[in-house]
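In our numbering, the protein residues as written are 109 to 201.
For glycine and all other residues, C-beta sits at the position ideal for the given N, C-alpha and C.
Predicted, not measured: the structure shown is a model, and the values here were computed from it.
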Amino acid sequence: MGKLNTKKLGIAVGATGVILYLGCALLMIVLGQQGTISFFNALLHGFDTSSIIRMDIPLWESLLGIILTFIIGWISGAIVAATYNYSLNDSEN
109 MGKLNTKKLG
119 IAVGATGVIL
129 YLGCALLMIV
139 LGQQGTISFF
149 NALLHGFDTS
159 SIIRMDIPLW
169 ESLLGIILTF
179 IIGWISGAIV
189 AATYNYSLND
199 SEN
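As C-alpha cells, then:
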C-alpha cells in the first residue's frame with residue numbers, strides 16, 4: 109500500500125466528525141430530551157446521561173462545536189496519515 113495523503117485523510121476524518129455532530133443535533137431535535145437521554149444511556153451501556161444532557165444550546169455554540177469538531181478530526185486524521193507514512197518509510201530502510 110502506498111503513502112496516505114495527509115491533507116485528504118485529515119479532511120475525511122474532519123468531515124466525518126461534522127456529519128456525526130450534525131446527526132447528533134438532528135437526533136436531539138427529533139427525539140427531544142427524554143429520547144436523547146434514553147438513546148445515549150443505551151449507547152453508553154448504562155451510563156446515566158440525564159444530568160449532562162442539555163437541550164438549550166445556542167446557535168453560536170453549535171457552530172463553534174462544528175468548527176472545533178472538524179479541526180480536531182482534521183488533526184487526528186493528519187496525525188494518523190503522518191504516522192503511517194513515517195512507519196512505511198521506516199520499514200523500507
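Asked, Found
"Own chain, CB closer than 6 Å to Thr-144, minus 5 neighbours either side, in chain order", "Met-136, Ile-161"
"Rounded Cβ spacing between Gly-181 and Gly-131 (contact assumed at less than 8 Å)", "Contact flag wrong, Cβ pair sits at about 14 Å."
"The segment 184-198 touching the segment 112-126, judged by at least three CB pairs closer than 8 Å", "yes"
"Spatial distance of Gly-173 from Leu-139 (CA atoms)", "20 Å"
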